[in-house]
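As C-alpha cells, the structure follows; a few thoughts come after it.
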Amino acid sequence: MSENGYIIEGRDLVKAYGTGRAQVRVLRGLNLAVARGEFVSVMGPSGCGKSTLLHVLGLITPADSGVVALDGEPAPDGEGGRAALRRERIGFVFQRFNLLNVLSAIDNVAISLRLRGQKLDGNVRHLFEWMGVAHVMRRRPAEMSIGEQQRVAVVRALAHRPAIVLADEPTGNLDSENAEALLALLVNLNRQFAQTIVMITHSPAAAAHADRVVTMRDGRILHATS
Amino acid sequence: MGNLPLANILRHKLRSVLSAVGIGIGICMLVTLSGLARGSLYEVADRWESVDAELIVYPRIWGDNVTTLSGVGLPDRRIVHLPEAHPDIVIDAVPAFLWRMELAGQDQLVVGVDSAAEAWKRLTGGRTLIRGRWCEQDVRADDGRTASQWLTETLLADEPDTTPPGESPRLPDWPETQPAGAPRHDAVLSMRHIQAQLRQRGGFELVIDARLADAGGYHVGQTVRAGNHDWRIVGVVPAGGLGRVFMPRRVAQFVFGSGDIRVSTLGFVKLRDGVEPGEAAARLTDATRQAVQVRQYRHMLEEKFGVMFRYVDMVNVIALVIAFLFIMVTLYTMVLQRTRDIAILKACGASNGFILRQVMGESLLLTAAGLVAGVGMSFLAAWGIETTRPLLTVTITWRWLVTAAGVAAVGAVASALYPAWRATRVDVAAALTLE
Numbered sequence: 059m060s061e062n063g064y065i066i067e068g069r070d071l072v073k074a075y076g077t078g079r080a081q082v083r084v085l086r087g088l089n090l091a092v093a094r095g096e097f098v099s100v101m102g103p104s105g106c107g108k109s110t111l112l113h114v115l116g117l118i119t120p121a122d123s124g125v126v127a128l129d130g131e132p133a134p135d136g137e138g139g140r141a142a143l144r145r146e147r148i149g150f151v152f153q154r155f156n157l158l159n160v161l162s163a164i165d166n167v168a169i170s171l172r173l174r175g176q177k178l179d180g181n182v183r184h185l186f187e188w189m190g191v192a193h194v195m196r197r198r199p200a201e202m203s204i205g206e207q208q209r210v211a212v213v214r215a216l217a218h219r220p221a222i223v224l225a226d227e228p229t230g231n232l233d234s235e236n237a238e239a240l241l242a243l244l245v246n247l248n249r250q251f252a253q254t255i256v257m258i259t260h261s262p263a264a265a266a267h268a269d270r271v272v273t274m275r276d277g278r279i280l281h282a283t284s
Numbered sequence: 461m462g463n464l465p466l467a468n469i470l471r472h473k474l475r476s477v478l479s480a481v482g483i484g485i486g487i488c489m490l491v492t493l494s495g496l497a498r499g500s501l502y503e504v505a506d507r508w509e510s511v512d513a514e515l516i517v518y519p520r521i522w523g524d525n526v527t528t529l530s531g532v533g534l535p536d537r538r539i540v541h542l543p544e545a546h547p548d549i550v551i552d553a554v555p556a557f558l559w560r561m562e563l564a565g566q567d568q569l570v571v572g573v574d575s576a577a578e579a580w581k582r583l584t585g586g587r588t589l590i591r592g593r594w595c596e597q598d599v600r601a602d603d604g605r606t607a608s609q610w611l612t613e614t615l616l617a618d619e620p621d622t623t624p625p626g627e628s629p630r631l632p633d634w635p636e637t638q639p640a641g642a643p644r645h646d647a648v649l650s651m652r653h654i655q656a657q658l659r660q661r662g663g664f665e666l667v668i669d670a671r672l673a674d675a676g677g678y679h680v681g682q683t684v685r686a687g688n689h690d691w692r693i694v695g696v697v698p699a700g701g702l703g704r705v706f707m708p709r710r711v712a713q714f715v716f717g718s719g720d721i722r723v724s725t726l727g728f729v730k731l732r733d734g735v736e737p738g739e740a741a742a743r744l745t746d747a748t749r750q751a752v753q754v755r756q757y758r759h760m761l762e763e764k765f766g767v768m769f770r771y772v773d774m775v776n777v778i779a780l781v782i783a784f785l786f787i788m789v790t791l792y793t794m795v796l797q798r799t800r801d802i803a804i805l806k807a808c809g810a811s812n813g814f815i816l817r818q819v820m821g822e823s824l825l826l827t828a829a830g831l832v833a834g835v836g837m838s839f840l841a842a843w844g845i846e847t848t849r850p851l852l853t854v855t856i857t858w859r860w861l862v863t864a865a866g867v868a869a870v871g872a873v874a875s876a877l878y879p880a881w882r883a884t885r886v887d888v889a890a891a892l893t894l895e
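Taken in sequence, the protein lines are chains A and B.
Here the numbering used here runs 58 ahead of the position in the first sequence, where the first position is 1.
Here the numbering used here runs 460 ahead of the position in the second sequence, where the first position is 1.
The following block contains the structure:
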C-alpha cells in the first residue's frame with residue numbers, strides 16, 4: 059500500500075506517436091491517481107487519448123516521459139519487469155473481448171492463469187457462475203453470444219485476482235441489455251470485493267456507474283466528478 | 461487445459477495437413493533414398509559376406525578396391541594350390557569366375573562356380589535349392605562327360621599349365637577345338653561345335669536366386685537369352701548367396717573369358733579355425749597376388765560409392781531445407797495472422813519466452829506429425845519400390861529413423877526461430893486497437 063493510498067498513479071504522462079511533423083502528442087502531461095477499491099470511469103471524445111492512457115497505465119505501452127506507479131512503486135522500464143507486473147497486478151477487459159478463438163472459455167481462463175503460474179481451481183468455477191456464464195465454459199468464442207464472450211473476458215481478467223481491472227470500452231460492442239448487465243456485474247464486483255476498476259467509455263450512462271468520472275480532452279484530464 | 465499450439469494446428473486443419481505432408485515428403489526422401497542407396501549396396505555386401513570363406517585373392521595389380529571386378533583375373537593355379545602351399549592356415553580355396561549379364565532388365569552378377577558340391581555350397585553360403593537342380597546334371601552326350609569335364613579335357617588335355625605364377629596363361633589354339641575334317645581357323649564353326657557340345661552336356665545352364673526369379677518371372681525349365689547365348693534355368697536357390705546367377709565355371713571361363721579356361725576372376729579362401737584373417741591375408745599376398753578379407757568388401761563398396769552417398773545426402777538436405785522453408789513461411793504467415801492473439805497473451809503478461817515457446821511448440825507439433833507421416837510414407841515407398849522393382853533393396857534402419865527425427869527436430873526449431881522472433885516483436889497496443 060502506498061503512502062498516499064493510491065493503488066495506481068500516472069504522473070506527468072507524456073506519449074506521442076510518429077515523428078517530426080507527423081507526430082501526434084496523445085498524452086500531454088496527464089496525471090491520474092486511483093485509490094484502492096475505487097471505480098473510475100474515463101470519458102472523452104475519440105482521439106483524446108483514453109485508450110493510450112489505459113495502455114500506459116496497464117504497462118502495455120511505455121510513456122515517453124512521466125511515471126506509472128503501482129502502490130507507490132514506479133513501474134520498471136524494461137519489458138520483462140513490466141510484463142511481470144501485468145501478470146501479477148493487472149487484469150484487462152477489452153472492447154472486442156479479445157478471447158483466443160481457438161480455445162474454449164475455460165481454456166482462455168486457464169492459459170491466462172498459466173501465464174501467472176496458477177492453475178484452474180474451484181474459485182474460477184464460482185467466478186463463471188457468478189458472471190452467469192458457467193454454461194458456456196466448454197464452448198469456444200464463436201459458439202457464444204457477444205454478451206457471454208464479454209463476461210468470459212471479465213472472468214479471465216479477474217481469475218488471478220488482480221489488484222486493478224482496466225476495462226477499455228467493455229460495453230462498446232454490446233447491446234443495451236448486455237451492456238447494462240455487464241455494468242451491473244462490474245459494480246457488484248467493485249462493491250462486494252472492493253475491486254479497483256478503471257473503465258474507459260464513451261457512454262455517459264456507463265460512466266455513471268463509477269464512483270468517479272474523469273473527462274479527458276487533448277491528452278489531459280479536463281475535470282473529474284464524483 | 462487446452463494446448464494453444466495444438467489448438468491452433470487443429471483450427472487450421474488443411475494448412476496443418478499440408479505443412480505436415482511437406483515435412484513428411486522431406487523425411488520420406490531422407491529415409492527412402494538413404495535406405496535405397498545404402499540398402500542396395502549393403503545387400504551386395506551381405507551377399508559377399510555370405511560366402512563361406514574369410515579371404516578373397518585376386519591379381520595384385522587390381523589394387524585395394526575390387527568391388528567392380530569381373531572377367532579374367534587370377535590363374536586358377538594361383539588359387540587352387542593354396543591349401544597345399546599353406547596347409548597350416550588354408551583349408552580350401554575356390555576359384556570363381558565373375559561376369560555380368562542382363563537379366564530382368566538389369567545387370568546381374570554371374571558367378572561361374574565348379575560343379576563340385578563343395579564349391580557350390582561355399583559360394584552360395586550353404587543355401588540349398590528350393591526348386592530344380594544344380595547345373596550340369598542332365599548330360600545327354602554318349603560319353604557322359606559334363607560340359608566342364610569336356611572343356612577341360614578338350615582344351616587342356618595335352619597342355620600342362622606351365623605358366624609362371626602371376627602371368628596369364630597362353631590361350632589354347634582354336635584348331636584344337638575343331639572336329640575332324642572341319643576347316644582350320646573357322647572360328648564360327650568351331651564355336652557352333654563347342655556350343656553344341658556344351659549344350660548337350662549341361663553347359664548352358666543357370667541357377668538363379670529366388671529374387672531374380674520373382675523379378676524376371678523366371679521359372680525352372682525356361683530358356684533365357686543373355687550375353688549372346690541361350691541359357692536354360694535349371695534351379696532356383698534362395699536369395700542371399702554371392703551371385704544372383706550361377707553357372708558352371710568352365711563354361712563361364714570359356715564363354716566370357718575369351719576361351720581361356722585356366723583363369724578365373726578371383727578365389728575365395730577358407731581358413732582353418734583360429735587363424736587370424738588379417739595375418740593370413742598378409743601371408744597369402746605376394747608380388748602378383750593380393751589377399752583381402754571378405755568382410756573388407758563392405759568397406760570397399762562404401763569407399764567406391766561414397767560419392768553416391770554424398771549425392772543422395774545432398775539431395776536429402778535440399779529436400780529437407782525446402783520442407784522447412786515451407787514450415788517457416790507457414791509459421792510466419794500464422795504469426796502475421798495471429799498478431800491479435802499474441803497481443804492478448806502479451807497483455808495478459810506473457811513473456812517473450814512464452815510466446816517463443818508457443819511458436820516453437822507449433823513448429824515441433826507440425827514436424828512431429830510430418831515425421832510420423834514421413835516414416836509411414838517411407839515404409840509405403842519401400843514396399844512400393846520392392847514390389848515394382850524386386851531387385852532393389854530399401855533398408856529402413858533405426859539409425860536413419862533416429863537421424864530423421866533428429867534432423868526434423870533441429871529443422872523445426874530452426875524454421876521457427878524467425879517467426880517466433882517476429883511474434884515477440886508484436887506491438888500489443890497496435891494489435892489490440894486494430895478494429
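In this text, a Cβ means the ideal position worked out from N, Cα and C, and glycines have one as well.
All values reported here derive from a predicted model rather than from experimental measurement.
In the three-state DSSP reduction, B/H546 falls in the coil class, being neither helix nor strand. Along the region 143–155 of chain A, the positions whose C-beta sits under 7 Å from a C-beta of chain B are R144, R145, F150, F152, read in chain order. Under the three-state reduction of DSSP output, B/W691 falls in the strand class. Secondary structure of B/V735 (DSSP, three-state): coil. Distance from the CA of B/H541 to the CA of B/I551, rounded to the nearest whole angstrom, comes to 11 Å. Against A/G76, chain B offers no close residue; the least beta-carbon distance is about 13 Å (beta-carbon pairs closer than 7 Å). Under DSSP, the beta-bridge partners assigned to A/V151 are A/A225. In the DSSP assignment, B/G727 forms a beta bridge with B/V517, B/P555.
In this structure, B/T827 lies near B/A868, with their beta-carbon atoms less than 8 Å apart. For the alpha helix (DSSP H) assignment, the uninterrupted runs of no fewer than 4 residues enclosed by the region 174–231 of chain A are, from N- to C-terminal side, 180–188, 204–216.
The C-alpha of A/L224 is placed about 16 Å away from the C-alpha of A/F251. In the three-state reduction of the DSSP assignment, A/Y64 falls in the strand class. Each residue's CA atom was taken as its position, placing B/A864 and B/D506 some 24 Å apart.
Below the 7 Å Cβ cutoff, chain B contributes A889 as neighbours of A/H113, in chain order.
Counted as a single uninterrupted DSSP element, the beta strand (DSSP E) harbouring B/F706 occupies residues 705–708. Cβ atoms of A/I148 and A/L178 stay farther apart than 8 Å, at about 20 Å. Assigned with DSSP and collapsed to three states, A/V126 falls in strand. Taking C-alpha positions only, B/V697 is separated from B/E762 by approximately 27 Å. According to DSSP, residue pairing for B/T683 in a beta bridge involves B/R692. At a cut-off of 8 Å between C-beta atoms, B/F814 counts as an interface residue with respect to chain A. DSSP lists A/L128 as the beta-bridge partner residues of A/E131. Pairwise C-beta distances place the region 693–707 of chain B in contact with the region 571–583 of chain B, as three or more of them are shorter than 8 Å. Restricting attention to B/L791, B/T848, B/L861, B/V680, the CA atom closest to the CA of B/A874 is found in B/L791. With contacts defined as CB atoms closer than 8 Å, B/A842 and B/V854 qualify as a contacting pair. CA-CA distance, B/R659 to B/V715, rounds to 13 Å. S109, H113, I118, T119: these are the residues of the region 101–129 of chain A whose beta carbon lies less than 7 Å from some beta carbon of chain B, given in chain order. The Cβ of A/A80 sits no closer than 8 Å to any Cβ of chain B. Here B/V680 is near B/R591, since their CB atoms are less than 8 Å apart.
Taking a Cβ-Cβ cut-off of 7 Å, the neighbours of B/T893 in chain A comprise S109, given in sequence order.
Residue state for B/V715 is assigned as helix, using DSSP reduced to three classes.
Here B/G821 is buried: its Cβ has 16 or more other Cβ atoms, across all protein chains shown, within 10 Å.
Within the region 773–798 of chain B, no residue has a Cβ lying closer than 8 Å to any Cβ of chain A. Looking at the backbone, the Cα of A/R86 and that of A/R275 are separated by about 10 Å. Restricting attention to beta strand (DSSP E) runs no shorter than 3 residues, the region 466–536 of chain B encloses them at 515–519, ordered along the chain. A check of alpha carbon separations from A/A268 across A/L71, A/Y75, A/Q81, A/V92 identifies A/V92 as the nearest. When rounded, the separation of the alpha-carbon atoms in B/L877 and B/F814 is 13 Å.
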